[in-house]
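Shown next, in structure tokens, is the structure this report addresses.
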Amino acid sequence: MPRTDFPFDIAALTDYRRRTRRELLNDGSKRIKKKIAVLGGSTTNDVIKTLEIFLLAEGIEPEFYESEYNRFWQDAMFENEELKSFAPDIIYIHTSYRNIYKFLPSAVNSEEEIDNMLKSRFEYFEKMWQRLSTVYNCPIIQNNFELPPYRIFGNRDCFDIHGAVNYIGRLNALFADYARNNQGFYICDINYVAACFGLDKWFDEQAWCMYKYAFSLDAVPYVSFNLSHIIKSIFGKNKKVLALDLDNTLWGGVVGDDGVEGIEIGEETANSECFKGFQEYVKKQKDIGIMLTVASKNDHENAIAGLNHPEGVLRPDDFIVIKANWETKDRNLAATASEMDLGIDSFVFADDNPTERALVERSINGIAIPKMDNPAEYIKTIDRNGYFEVTNFSADDLKRNEMYKANVARSEMCAEFTDYNEYLLSLNMVAEIKEFSPVYIPRITQLTNKSNQFNVTTKRYTQQEIESAATDGNHITLYGKLSDTFGDNGVVSVVIGAIDGEVCNIDLWLMSCRVLKKNMEYAMLDTLVNECKARNISIIKGYYFPTAKNNMVRNLFGDFGFDKISEDEIGNTVWELELKNYNNKNNVIKINSEV
Amino acid sequence: MAQQNINERLNEVFRNVFDDDDIEVTRETTADDIEDWDSLEHIRLIGAVEREFGVKFSMKEVSAMKNVGEMMDIIAERG
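Protein sequence lines, in the order shown, are assigned to chains R and B. Anchor point for the first sequence: position 222 equals 230 in this note's numbering, and the numbering is continuous, going up by one each time. Anchor point for the second sequence: position 19 equals 20 in this note's numbering, and the numbering is continuous, going up by one each time.
Here it is as structure tokens:
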């Protein structure tokens, strides 16, 4: 199987991508199907074909709508039955410098004229986004603009208002403002991609004049890969954990052989500076909520000593699980995943040793394994792969590491109790269970896209769909936040019920595995029943659709006291609960006003 | 570069690009002979040939090429 990660195997991704595509489609993986409309301002054939490869590798099987050459604006602004019936899950607008170079200011324009040009160019795009968002109600991804191929004013181009460099910077800033203020709107930063690729290689007049490709064909994988990160992140395919080797990954040398004083980390040598830079990068990942673990062949005390090196940046405390022992790494990684209640396919395994990488690659499906061959390239190798692409950033992301740590403290405390109910009471749990409110919508959307285990229907929602469920009057929506003595878990459970007369159909019932066995599901059910009764609903219908990951909730409705009313040959089950004799099930969590 | 050698390597490129091991290109092969060889795939094919032989075709050459034979002649001349 050809690699589809960075650094690229360009031939496999471009020239021989038919074969790569066939091999991916035949590799036996399960994929979610998504419809992607590509509205292009230049030829998009290669961008789409290469994007397909990257998405297939991420577990997404895309179907595409492709606008005619340079018809992006018309496709968006006018009645478009074809696009409507296609019903896109995502719309991507592929425009570039080639779509604005005719509208750039020149030396003869006054400042006021240039301001107006800028305003009208921005509004040209803004109107299109607004219309797309209203008509298609799905996430929109928009390219920004790369820097121009030449500078009439030389260096002055960057600050003179007549300069193209200056103008493009201002236009990009307006795009960025719009993205900051509009949920479900994302920028595909081709300005950054073009800079990484190199502008002189990026601009290819031959590709433009002959084929109307906005940039060199060799740049296509870089653009498509960058775009694929946004798409897979929106659909919940991000990685969550960075599992790190220690010797020659986080520091130079072998702590067991060289001793703590002998390892290279800090600012003494070129090599030690590289490793310090990498530790700083990893620490920043932790700060945005990426969870760190260690998978190292070492004696535990040596590993801890290495992580306490005075010149180091990362400390033992920064890791949720530290496996430093002589067990094989695939086993250590599997054990780590199960201790954290996470799928192993949400892990990135960073190790300088190709033998270890090959072992893990052979035995674990779906784990990402960057080619960490050169300490000076570690950061780039991880960063360019977009494992942790941040499309939504919520307050919970900042706290995630603390929350997982608190879980470890909880399980230690649990060991002191013989009666589990007493343990639960001792946690002094308090829940907030309410209708969706705007401040939690990003987090709710995020949960619907990444919860796989405690999730009865595994229905995925875009932010727009969550917003409409919250406001259309036909749904009961509930989010649940849970906190206890050890800290706040944030939003951990989401329920969406569709109202149909006297029946409430459960479209979605999910819970984060970090609050398993806390009776939080009972607190949610009690609240849902109350909400239903308040609306004169007499029956709740539950649905369970089995997946490879959600076996733990196979009998959730049964445990709740629902009656099973049907089961088909693939195990889909339907359940029913009559509300008139319902007794509250939760007696360990205080809910809302009871506080 | 010997024509025989070019022919073999070119054949391999065609098979890879169109993911079809039955392709046998000759000097006379044109886009009409290979089902998937349309104008968009032509761009990719040119790129693959350039990569394989380390050559870069000019715009004029790309526009003027009538069949595989003419492509081979340009490669032979450059090699």
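Beta carbons are placed, not taken as given, at the ideal position from N, Cα and C, and that holds for glycine. On a predicted model such as this, the values are computed, not experimentally measured, just so you know.
Original post:
Count the other CB atoms within 10 Å of the CB of His-483 (chain R); is the residue buried (16 or more) or exposed (fewer)?
Top reply: buried
Original post:
Which of the three DSSP states, helix, strand or coil, is assigned to Ile-375 (chain R)?
Top reply: coil
Original post:
Is the beta carbon of Met-437 (chain R) sitting closer than 9 Å to the one on Lys-598 (chain R)?
Top reply: yes
Original post:
Which residues of chain B have a Cβ atom closer than 7 Å to the Cβ of Asp-23 (chain R), listed in chain order?
Top reply: Asn-17, Val-18, Arg-45, Gly-48, Ala-49 and Arg-52
**OP:** Mark Gln-4 (chain B) as exposed unless 16 or more other C-beta atoms lie within 10 angstroms of its C-beta, in which case mark it buried.
**Re:** exposed
**OP:** Give the range of the beta strand (DSSP E) segment to which Ile-76 (chain B) is assigned.
**Re:** Counting along the chain, Ile-76 (chain B) sits inside no beta strand (DSSP E); it lies in the alpha helix (DSSP H) bounded by residues 69-79.
**OP:** Look at the alpha carbon of Glu-276 (chain R) and the alpha carbon of Leu-322 (chain R), and state the distance between them as a whole number of angstroms.
**Re:** 18 Å
Original post:
Exposed or buried, Gln-82 (chain R), counting other C-beta atoms within 10 Å across all chains shown (16 or more means buried)?
Top reply: So Gln-82 (chain R) ends up on the exposed side.
**OP:** Could you confirm whether any beta carbon from chain R is found closer than 9 Å to the beta carbon of Val-26 (chain B)?
**Re:** no
Subject >> Own chain partners of Asp-391 (chain R) with C-beta closer than 8 Å, once the 5 adjacent residues on each side are dropped >> reply: Tyr-289
Original post:
Just how far apart, CA to CA, sit Glu-42 (chain B) and Ser-50 (chain R)?
Top reply: 16 Å
Original post:
So, is Lys-331 (chain R) buried or exposed, given that buried needs 16 or more other C-beta atoms within 10 angstroms?
Top reply: buried
Original post:
Run through DSSP, which three-state label would Val-603 (chain R) get?
Top reply: A caution first: Val-603 (chain R) carries a pLDDT of 45, below 50, which makes its placement in the model too unreliable to give a value.
Original post:
Would a C-beta distance cut-off of 9 Å place Thr-493 (chain R) and Pro-15 (chain R) closer than the cut-off?
Top reply: Inclusion of Thr-493 (chain R) and Pro-15 (chain R) in the CB contact set at 9 Å is not warranted, their separation being larger than that value.
Original post:
Would you report the Cα separation of Arg-11 (chain R) and Leu-235 (chain R), rounded to the nearest angstrom?
Top reply: Each residue's alpha carbon lies about 18 Å from the other.
**OP:** Tell me whether Glu-424 (chain R) sits in a helix, a strand or coil according to DSSP, three-state version.
**Re:** Per DSSP, reduced to three states, the secondary structure at Glu-424 (chain R) is coil, with no helix or strand assignment.
**OP:** Return the first residue and the last residue of the alpha helix (DSSP H) that Asp-508 (chain R) is part of.
**Re:** No alpha helix (DSSP H) holds Asp-508 (chain R); the beta strand (DSSP E) holding it covers 495-508.
**OP:** Please go through the same chain and pick out, in chain order, the residues whose beta-carbon is closer than 7 Å to the beta-carbon of Val-603 (chain R), but skip the five residues on each side of it.
**Re:** With a pLDDT of only 45 at Val-603 (chain R), under the threshold of 50, the placement of this residue in the model should not be trusted; the figure read from the coordinates follows. These residues qualify, in order along the chain: Val-438.
**OP:** Any chance you could list the alpha helix (DSSP H) runs of at least 4 consecutive residues sitting entirely within the region 424-495 of chain R, in chain order?
**Re:** 428-434, 449-458 and 471-479
Original post:
Does any C-beta atom of chain R lie closer than 9 Å to the C-beta of Met-72 (chain B)?
Top reply: no
Subject >> Contact list for the region 25-36 of chain R against chain B, Cβ threshold 7 Å >> reply: Arg-26, Arg-27 and Arg-30
Original post:
In its own chain, which residues sit with a C-beta less than 6 Å from the C-beta of Glu-575 (chain R), not counting the 5 before and 5 after it?
Top reply: Thr-581
Original post:
Between the region 39-71 of chain R and chain B, which residues of the former have CB atoms less than 9 Å from a CB of the latter, in chain order?
Top reply: Only Thr-51, Asn-53, Asp-54 and Lys-57 from the region 39-71 of chain R bring a Cβ to less than 9 Å from some Cβ of chain B.
Subject >> C-beta contact flag for Pro-96 (chain R) and Tyr-175 (chain R) at 9 Å >> reply: no
Original post:
With 9 Å set as the bound, which would you pick, yes or no: does the beta-carbon of Met-9 (chain R) sit closer than that to a beta-carbon of chain B?
Top reply: no
**OP:** Give the C-beta separation of Leu-536 (chain R) and Gly-505 (chain R) to the nearest angstrom, bearing in mind that I take them to be a contact with Cβ-Cβ under 8 Å.
**Re:** Leu-536 (chain R) to Gly-505 (chain R), Cβ: 7 Å. Contact.
**OP:** Report back the beta-carbon spacing between Ile-98 (chain R) and Cys-146 (chain R) to the nearest angstrom; my notes put them in contact at under 8 Å.
**Re:** So it is a contact: roughly 6 Å between Cβ atoms.
**OP:** Determine the contact status of Met-60 (chain B) and Met-66 (chain B), defining contact as a CB-CB distance below 9 Å.
**Re:** no
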